[in-house]
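Per my numbering, the very first residue in the sequence shown carries number 30; after that it's consecutive.
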Amino acid sequence: MTLNRPRLVLFAKAPQAGAVKTRLIPALGAQGAAALARSMLSHALQQALAAQIGPVELCMTPAPQDRAWRGVDLPDAVLRTAQGEGDLGQRMARAVHRVTTKHQQPVLLIGTDCPALTAARLTEAAAQLQTHDAVLVPATDGGYVLIGLKAPCPEVFTQMRWSTSTVAAETLRRMAALSLRVWQGLPLHDIDEPADLAQLPINFRNDSGLLISRRSG
30 MTLNRPRLVL FAKAPQAGAV KTRLIPALGA QGAAALARSM LSHALQQALA
80 AQIGPVELCM TPAPQDRAWR GVDLPDAVLR TAQGEGDLGQ RMARAVHRVT
130 TKHQQPVLLI GTDCPALTAA RLTEAAAQLQ THDAVLVPAT DGGYVLIGLK
180 APCPEVFTQM RWSTSTVAAE TLRRMAALSL RVWQGLPLHD IDEPADLAQL
230 PINFRNDSGL LISRRSG
């Protein structure tokens, strides 16, 4: 069967001070953490568009029309949708269901927290999804930075203990229980905690133009 091009769906919060990347506030301050979030959002969108694997959608919280997004420059080519209500698993499951059923496309779902998730890695995941039922790129903290599916598979998302070190392992266990053929990429670093700042590229700058150094603060 010839597959449609996948839709790359990027989950993101509005980069507002005090409401985003809160675990980085002790190292960067509320404004610095928000500036880094804005910079990582821009980087993730750039990589998603550069991969040229299919439509790019930004799935947003709050909704696209909310004033929290005012002043956030988003590329015109990016589709914009709302995450809606529910916990992370419910919102992700809903996005996967919408893309795979309404749009009849495979889906790659990513966040904005992994600068190492480059266009080349996105292209590789999309290629692997052509010959597998699912793809997963783990995070070094035990979560994952990318998941790809061809069908809704709500079991992969429901009643998950998010933000724990067992998320990727439990996701793979559930995929195995569903008899899915899974491709797994090499683990990559998320930027969530002050110690994670050491994993930022040395020239990675936030929206204030300040160099984020290779140290945990």
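Idealized CB from N, CA, C, for every residue including glycine. Here the structure is a predicted model, which means the values were calculated and not measured.
Distance, residue j Cα to residue i Cα
i, j, result
"ARG96", "LEU138", "25 Å"
"LEU78", "SER208", "32 Å"
"MET189", "VAL196", "7 Å"
"VAL49", "SER68", "12 Å"
"PRO144", "LYS131", "30 Å"
"GLN76", "LEU39", "11 Å"
"VAL185", "MET204", "7 Å"
"ALA66", "ALA224", "16 Å"
"ALA106", "ALA80", "13 Å"
"THR110", "HIS126", "14 Å"
"LEU108", "PRO55", "34 Å"
"ARG120", "ALA154", "22 Å"
"LEU165", "VAL174", "8 Å"
"ALA168", "ALA198", "11 Å"
"GLY172", "TRP191", "8 Å"
"ARG202", "LEU57", "37 Å"
"ALA149", "CYS182", "26 Å"
Nonlocal neighbours in the same chain, by C-beta distance under 8 Å from residue i, ignoring five residues either side
i, result
"ALA41", "LEU70, ALA73, LEU87, CYS88, MET89, THR90, GLY140 and THR141"
"GLY115", "ARG123"
Distance between beta carbons of residue j and residue i, contact taken as under 8 Å
i, j, result
"LEU151", "ILE82", "6 Å"
"LEU178", "ALA163", "5 Å"
"ARG34", "GLU222", "Going by Cβ atoms, the distance from ARG34 to GLU222 rounds to 35 Å, so no, they are not a contact pair."
"ALA187", "ALA122", "Going by the sequence as given, residue 187 is Thr instead of Ala. Yes, THR187 and ALA122 are in contact; Cβ-Cβ is about 7 Å, under 8 Å."
"ARG43", "VAL101", "The sequence shown places Ala at residue 43, rather than the Arg named in the question. Sure, about 7 Å apart at Cβ, within 8 Å."
Residue i classed as buried or exposed, judged by whether at least 16 other C-beta atoms fall within 10 angstroms
i, result
"THR99", "What sits at residue 99 in the sequence shown is Arg, not Thr. Flag for ARG99 reads exposed."
"LEU226", "buried"
"THR193", "exposed"
"THR200", "buried"
"GLN112", "buried"
"PRO104", "exposed"
"ALA206", "exposed"
Close-in-space but distant-in-sequence residues of the same chain around residue i (CB under 7 Å, 5 per side omitted)
i, result
"ARG36", "GLY83, PRO84, GLU86, VAL128, HIS132, GLN134 and VAL136"
"GLN228", "HIS218 and ILE220"
"ALA180", "THR129"
"LEU117", "TRP191"
Chain-order list of residues whose beta-carbon lies under 6 Å from that of residue i (same chain, five-residue window excluded)
i, result
"ALA59", "ALA46 and GLY47"
"PRO93", "ARG109"
"PRO216", "PRO167 and THR169"
"ILE176", "LEU138 and LEU165"
When the Cβ atoms of the stretch 148-167 are set against those of the stretch 200-213, are three or more pairs found closer than 8 Å?
yes
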